[in-house]
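Number of protein chains: 2
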Amino acid sequence: MNQNEATAQKDGVKTAHTAPAEDKIPAGELNRIKNVIAIMSGKGGVGKSTITGLLAVSLQREGYKVGILDADITGPSIPRMFGVKNRPESIGFGLMPPESSSGIRIMSLNLLLDNEDDPVIWRGPLIANAVKQFWTDVIWGDLDFLLIDLPPGTGDAPLTVMQSLPVDALVIVSSPQDLVMMVVKKAINMTRMMGVPVLGLVENYSYLICPKCGEKINIFGESRGKEAAEQVQIPYLGSLPVDHRLTELCDSGSIEMYDSDGIKGMGEWVKDIERLKKK
Amino acid sequence: MNQNEATAQKDGVKTAHTAPAEDKIPAGELNRIKNVIAIMSGKGGVGKSTITGLLAVSLQREGYKVGILDADITGPSIPRMFGVKNRPESIGFGLMPPESSSGIRIMSLNLLLDNEDDPVIWRGPLIANAVKQFWTDVIWGDLDFLLIDLPPGTGDAPLTVMQSLPVDALVIVSSPQDLVMMVVKKAINMTRMMGVPVLGLVENYSYLICPKCGEKINIFGESRGKEAAEQVQIPYLGSLPVDHRLTELCDSGSIEMYDSDGIKGMGEWVKDIERLKKK
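If you're matching them up, the sequences are chains A and B in order.
All residue numbers for the first sequence refer to our numbering, where the first residue is 2 and numbers rise by one.
All residue numbers for the second sequence refer to our numbering, where the first residue is 2 and numbers rise by one.
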């Protein structure tokens, strides 16, 4: 591309927020969903899916009815984490999302594949359609919270979720690297352009406790979640360490067995949602 | 979507490899590129860009002329890692990629933005076009190796690179989590469907040495790179630990200052490329 074309494309980006937003798609008739929260990072591998899973577990333990819409079409981790393998059942009106052992409803493209490691080699429009269909054609029923696990980047899936689904608020996930934070800032700037409110920033992989000597190790550098949140002017929700036990539970499909003080307060993260909705 | 539609979409995936591949786009007239290697994971955040960067540094130190095409359009990390900020210069025929301090040529969408944290909110077709233009409209000149840093997933950018660019081989990056390996297997299966040969698997974040007591900590679980590579029948290239010094150098744009025994052998990873090309 020449400089002009490059600039033209770049300017296209800047005007993205002035483009008329697609109308939000209403929920299916059988669905009564009180709150829709998307979990986003922009950067991959910061533990977005793990945090989505833990937030779901935490809200479920507080007595709320929770569902997870896995919008990471080409790299879905949610079913594996919850040990859910059942194929969604088609009952005429739509697809019934399978439930985890504690009753969290889950919809993910991996549940529609014969083998979980089959690749989904799709271009953007197909990806966007799948995300929309997970909203319109899935019988979520009554839910207090539907959590949407977004893929990395600011491409088709996040754009479709923010444009077409009635997202009430977003949780942003980062890790303590400047380089990660740069990409996360892109995501935060995107939410501003799209006009979706942000509940706050969570810092993952903040530190690790050495199992031998108890030393607190800043694996990816000094924690700076609080400072980063202030910089981008969003609330700081808290930080999570690297916990080998959690990794093992996620690998073995038992995230719901995780019992740590660290996640007790997670339900608090979304307490601001009523206030944000009134805005 | 109903079950049939879901299956239809799924079957669409399976036949992706039988669809006629787009013709490979020839290199620009001013470009003489001997080897094109893409670095892929499928999963985000496993350090794909860091490994792309280290491989480039390693090959450059061996005397090769190296370029990096950053195909992660919405989450580019390469320019920051190398401390490259210059805007690519337009010289009529195309864009001149800026060079790092050691002379590695770099093209990335972030170099075309006014601010590095401006989000690029693009749907698939625009992303695919940018990737193609980084091949056709950039004056790479004479290169021994062009490394392509792919974004996570198996969507538009990886598909465009494998369909339209003359990629000689891929390096696959993973980390020691079952859940990560599941997504990485999708990427490996995609390379098979697309008929692009794989040089091998690199395991990143294999372990961490406690700075206080010297304990070797398996942060994300027991290293199983070798076993995983055997399972998917590709060569095992080696593993890299979490190194706080490397993180710092990447954050400060000084990856070229990294001097570790760990990367000395990295040039070896690509030695098989001539054999793969003859296939």
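Don't be surprised by glycine CBs; every beta carbon is placed ideally from N, CA and C.
Every value quoted in this text rests on a predicted model; they were computed, and no experiment measured them.
Lysine 44 of chain A: contacting residues in chain B (beta-carbon distance under 9 Å) | The answer, in chain order, is Gly45, Gly46, Gly76 and Ser78.
Would you identify the three-state DSSP class for lysine 217 of chain B, choosing helix, strand or coil?
-> Residue state, collapsed to three classes: strand.
Which residue comes first and which comes last in the beta strand (DSSP E) that contains glutamate 204 of chain B?
-> According to the DSSP assignment, glutamate 204 of chain B belongs to the beta strand (DSSP E) that extends over 199-204.
Quick one: list the residues of chain A neighbouring alanine 188 of chain B, beta-carbon separation under 8 Å, in chain order.
-> By Cβ distance, chain A contributes Pro120.
Say the cut is 7 Å; is the CB of tryptophan 141 of chain B nearer than that to a heavy atom of the ligand MG?
-> Looking for the ligand MG in the displayed structure turns up nothing, as the structure carries no ligands at all.
Can you pull the DSSP bridge partners for asparagine 36 of chain B?
-> Under DSSP, the beta-bridge partners assigned to asparagine 36 of chain B are B/Phe146.
Three or more beta-carbon pairs under 8 Å between the stretch 159-171 of chain B and the stretch 31-46 of chain B, yes or no?
-> By the Cβ criterion, the stretch 159-171 of chain B is in contact with the stretch 31-46 of chain B, since at least three pairs of Cβ atoms, one from each stretch, lie closer than 8 Å.
Assign arginine 106 of chain B to one of three DSSP states: helix, strand, or coil.
-> Judged by DSSP in its simplified three-state form, arginine 106 of chain B adopts strand.
Can you pull the DSSP bridge partners for alanine 170 of chain B?
-> Answer by DSSP bridge pairing, in chain order: B/Ile38.
Proximal residues, the stretch 121-154 of chain B versus chain A, C-beta separation under 9 Å | Residues of the stretch 121-154 of chain B with a C-beta atom less than 9 Å from some C-beta of chain A are Val121, Ile122, Trp123, Arg124, Gly125, Pro126, Leu127, Ile128, Ala129, Asn130, Ala131, Gln134, Phe135, Thr137, Asp138, Val139, Pro152, Pro153 and Gly154, listed in chain order.
Could you please give me the residues that DSSP links to methionine 97 of chain A through a beta bridge?
-> Looking at the DSSP assignment, methionine 97 of chain A forms a beta bridge with A/Glu90.
Grouping DSSP H, G and I as helix and E and B as strand, with all else coil, what is glycine 43 of chain A?
-> Glycine 43 of chain A falls in the coil class under three-state DSSP.
CB contact flag (glycine 156 of chain B, arginine 33 of chain A, <8 Å) = The criterion of a C-beta distance shorter than 8 Å is not satisfied by glycine 156 of chain B and arginine 33 of chain A.
Would you say alanine 158 of chain B and valine 132 of chain B are within 8 Å of each other, going by their C-beta atoms?
-> Contact: yes.
Below-8 Å beta-carbon distance, valine 14 of chain B vs any chain A residue = The predicted position of valine 14 of chain B is uncertain, since its pLDDT is 40 and thus under 50; a value taken from the coordinates is nonetheless stated next. A Cβ of chain A is located within less than 8 Å of the beta carbon of valine 14 of chain B.
Partner residues on chain A for threonine 53 of chain B, Cβ-Cβ distance less than 8 Å = Within chain A, no residue comes near threonine 53 of chain B; the closest Cβ sits about 13 Å away, beyond 8 Å.
Closest to lysine 86 of chain B by CA distance: which of B/Met194, B/Phe94, B/Gly76 and B/Pro99 is it?
-> For lysine 86 of chain B, the closest alpha carbon among the candidates B/Met194, B/Phe94, B/Gly76 and B/Pro99 is that of B/Pro99.
Which residues of chain B have a Cβ atom closer than 9 Å to the Cβ of isoleucine 40 of chain A, listed in chain order?
-> What isoleucine 40 of chain A touches in chain B: nothing, since even the nearest Cβ is about 14 Å away.
Let me know the secondary structure DSSP gives glutamine 10 of chain A once reduced to three states.
-> Confidence is the limiting factor: at glutamine 10 of chain A the pLDDT is only 45, short of 50, which leaves the residue's position unreliable, though a coordinate-based value still follows. In this structure, DSSP gives glutamine 10 of chain A a helical state, which the three-state scheme calls helix.
Beta-carbon separation of leucine 238 of chain B and valine 203 of chain B under 8 Å?
-> Yes, the Cβ-Cβ distance between leucine 238 of chain B and valine 203 of chain B is below 8 Å.
Chain B residues whose Cβ lies nearer than 9 Å to that of methionine 194 of chain A = In chain order: Pro120 and Ile122.
Alpha-carbon spacing of isoleucine 52 of chain A relative to leucine 112 of chain A, whole angstroms = Rounded to the nearest angstrom, the two C-alpha atoms are 20 Å apart.
Can we say the stretch 219-235 of chain A touches the stretch 138-155 of chain B, given the rule of at least three CB pairs closer than 8 Å?
-> The way I'd put it, the stretch 219-235 of chain A doesn't touch the stretch 138-155 of chain B; fewer than three beta-carbon pairs between them come closer than 8 Å.
Rounded separation between glycine 64 of chain B and isoleucine 26 of chain A - CA only = Whole-angstrom Cα-Cα distance: 56 Å.
Considering only residues of the same chain and omitting the five flanking positions on each side of aspartate 145 of chain A, which have a CB-CB separation below 6 Å?
-> Taken in chain order, the residues that qualify are Lys35, Tyr65 and Lys66.
Report all residues from its chain with a CB closer than 8 Å to the CB of proline 89 of chain B; omit the five preceding and five following residues, and keep chain order.
-> Answer for proline 89 of chain B: Leu96, Met97, Pro98, Pro99, Met108, Leu112, Leu113 and Val139, listed in chain order.
For glutamine 178 of chain B, go through chain A and note every residue whose CB falls closer than 8 Å to its CB, in chain order.
-> Here the neighbours are Thr248, Cys251 and Asp252.
Under a three-way DSSP split, which group does leucine 1 of chain B fall into?
-> In the structure as shown, chain B starts at 2 and stops at 280, and residue 1 of chain B therefore has no counterpart that could be examined.
In chain order, what residues of the same chain have a beta carbon less than 8 Å from the beta carbon of isoleucine 281 of chain B, not counting five sequence neighbours either side?
-> With chain B running from 2 to 280 in the structure shown, residue 281 of chain B is simply not present.
When the Cα atoms are used, what is the spatial distance from asparagine 116 of chain A to glycine 76 of chain A?
-> Distance between the alpha carbons of asparagine 116 of chain A and glycine 76 of chain A is about 13 Å.
Contact between the stretch 181-193 of chain A and the stretch 43-50 of chain A (3+ Cβ pairs under 8 Å) | The way I'd put it, the stretch 181-193 of chain A does touch the stretch 43-50 of chain A; three or more beta-carbon pairs between them come closer than 8 Å.
How would you list, in chain order, the residues of chain B whose beta-carbon sits under 9 Å from the beta-carbon of isoleucine 218 of chain A?
-> Think of a sphere of 9 Å around the beta carbon of isoleucine 218 of chain A: the chain B residues whose beta carbon falls inside it are Leu209, Cys211, Pro212, Lys213, Ile218 and His245, in chain order.
For glycine 104 of chain B, count neighbouring Cβ atoms within 10 angstroms of its own Cβ and tell me buried if that reaches 16, exposed if not.
-> Classification for glycine 104 of chain B: exposed.
Are the beta-carbon atoms belonging to isoleucine 235 of chain B and isoleucine 189 of chain B less than 8 Å from one another?
-> Yes, the Cβ-Cβ distance between isoleucine 235 of chain B and isoleucine 189 of chain B is below 8 Å.
Beta carbon proximity, arginine 81 of chain B to chain A, threshold 8 Å = Interface annotation, arginine 81 of chain B: in contact with chain A, CB-CB separation under 8 Å.
Ignore the nearest five residues each way along the sequence and tell me which others in threonine 16 of chain B's own chain have a CB closer than 7 Å to its CB.
-> Only weak support is given to the placement of threonine 16 of chain B: the predicted model assigns it a pLDDT of 36, under 50, and the value that follows is read from those uncertain coordinates. If we look at threonine 16 of chain B and ignore the five residues flanking it on each side, it has no Cβ neighbours.
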